[in-house]
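Residue numbers (the numbering used here): 499 to 830.
Note that beta-carbon positions come from the ideal geometry of N, C-alpha and C, so glycine has one too.
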């Protein structure tokens with residue numbers, strides 16, 4: 499279940515779209531300032547986090563039920579919630595009067611789409627940036643993390659900051675004004691570690707699996723920072739990986755950037771299931787996680803077939819590279 503802290507007032511749908519507590523805290527630390535406005539503040543989780551790092555926080559939300567929930571969820575003296583459409587002139591004037599240092603917005607979007615775009619996001623982000631950019635140039639706007647950046651380039655000169663949790667893509671924030679430091683970046687929510695685009699970095703490529711593999715966070719892939727992470731880890735980019743999976747390989751282990759490049763030690767490289775079982779039994783493995791393309795309906799059938807008669811306690815991982823099975827174990 500998603501961790502939203504001690505929040506007690508929410509619906510099932512609210513929970514689905516709510517900001518996880520660790521993300522809210524990370525943003526609050528990064529956007530610490532005197533006065534901040536939270537547009538589309540929902541049930542108040544992000545505003546509540548802002549209240550712990552900023553002197554004054556103002557949340558505006560069009561849904562009166564959510565505003566009532568917010569007031570019950572967060573009772574801080576420096577935090578105020580108000581019902582209103584953020585594109586209505588009266589709300590715009592109130593924000594202008596507040597004169598915030600930073601404006602944050604997490605707009606409403608559909609639960610799922612075949613392809614994410616701005617048209618389904620409410621309020622209209624182009625209009626929001628146009629209107630509020632005149633009040634405060636420092637904007638932080640959350641958008642769907644898998645949206646094509648080319649489709650939102652009209653929003654202005656922004657930094658695309660991807661948020662990663664447990665080596666997985668979680669959020670995408672657009673940073674404008676003085677908040678923009680780079681073109682693209684990835685931040686690990688837990689540690690705060692950050693990597694940014696650097697055109698001068700170019701990782702080597704290889705067809706050969708070495709002693710260690712690194713599974714790259716989708717956040718790094720979406721931010722197009724594969725060369726950057728390859729250079730930081732001192733590892734080569736592996737050719738022959740399956741679609742939508744990026745792996746690095748190196749002779750020596752590198753743990754410093756494990757939040758973006760999850761490390762594994764290579765146990766063996768084989769051609770089929772019988773060889774997989776032989777190596778697993780020989781090395782005391784009892785469980786295996788399959789990390790290659792497979793029909794979800796067949797996943798457990800295939801996994802059980804491999805795990806049959808395994809008696810060890812170690813847990814392995816199997817990748818597929820250049821049509822060969824690469825047996826690994828998490829390395830820490």
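Quick test of your reading: residue i and residue j, contact by CB under 8 Å. State the CB separation rounded to the nearest angstrom.
i	j	result
residue 733	residue 752	7 Å
residue 672	residue 641	6 Å
residue 574	residue 557	The Cβ separation is near 11 Å, so there is no contact.
residue 708	residue 731	That belief does not hold up - the Cβ atoms of residue 708 and residue 731 are roughly 12 Å apart, past 8 Å.
residue 823	residue 744	Their Cβ separation, rounded to whole angstroms, is 18 Å, which puts residue 823 and residue 744 out of contact at 8 Å.
residue 788	residue 800	6 Å
Among the options, which has the Cα closest to the Cα of residue i?
i	options	result
residue 813	792, 775, 819	775
residue 746	667, 819, 620	819
residue 529	667, 750, 550	550
residue 912	817, 773, 821, 797	Absent from the structure is residue 912, since the part of the chain shown begins at 499 and ends at 830.
residue 559	597, 606, 526, 525	606
residue 527	738, 707, 739, 689	689
residue 662	793, 715, 602	715
residue 647	664, 626, 670	670
residue 590	563, 537, 553, 801	537
residue 602	570, 620, 525, 563	525
residue 821	619, 706, 517, 568	706
residue 570	506, 770, 805, 618	506
residue 586	622, 664, 771	622
residue 517	620, 588, 631, 668	668
residue 664	755, 576, 618	755
Do residue j and residue i have their beta-carbon atoms positioned less than 8 Å apart in this structure?
i	j	result
residue 633	residue 534	no
residue 711	residue 762	yes
residue 519	residue 502	yes
residue 547	residue 539	no
residue 616	residue 666	no
residue 687	residue 521	yes
residue 759	residue 735	no
residue 674	residue 698	no
residue 704	residue 742	no
residue 581	residue 565	yes
residue 593	residue 626	no
residue 816	residue 792	no
residue 739	residue 691	no
residue 717	residue 797	no
Within a Cβ cutoff of 6 Å, which residues of the same chain sit near residue i, ignoring the five residues on either side of it in sequence?
i	result
residue 572	542, 546
residue 810	782, 783, 784
residue 532	553, 599
residue 726	693, 696, 699
residue 728	701, 735, 746
residue 588	none
residue 568	541, 542, 579
residue 604	538, 640
To which residues of the same chain is residue i closer than 7 Å at the C-beta, ignoring the five residues directly before and after it?
i	result
residue 765	777, 781, 814, 825, 826, 827
residue 723	682, 684, 693, 695
residue 596	533, 535, 556
residue 805	785, 786
residue 523	547
residue 576	549, 553, 554, 555
residue 771	803, 804
Beta-carbon within less than 8 Å of residue i's beta-carbon, same chain only, minus the 5 sequence neighbours each way: which residues are those?
i	result
residue 652	624
residue 829	710, 751, 753, 761, 762, 763
residue 677	529, 600, 636, 637, 638, 657
residue 779	807, 808, 809, 810
residue 680	657, 694, 695
residue 562	581
residue 620	605, 606, 607
Can you give, in chain order, each stretch of the alpha helix (DSSP H) that sits fully within the segment 711-780 and has at least 4 residues? 716-720, 724-731, 771-780
Complete runs of the beta strand (DSSP E) confined to the segment 634-660 [at least 3 residues]: 637-641
Please list the segments of the alpha helix (DSSP H) lying wholly inside the segment 511-571, counting only runs of 4 or more residues, in order along the chain. 519-528, 543-548, 562-571
Which full runs of the alpha helix (DSSP H) of 4+ residues lie inside the segment 575-610, going along the chain? 587-596
At 3 residues or longer, and completely inside the segment 678-715: list those beta strand (DSSP E) runs for me, N to C. 682-686, 692-694, 710-714
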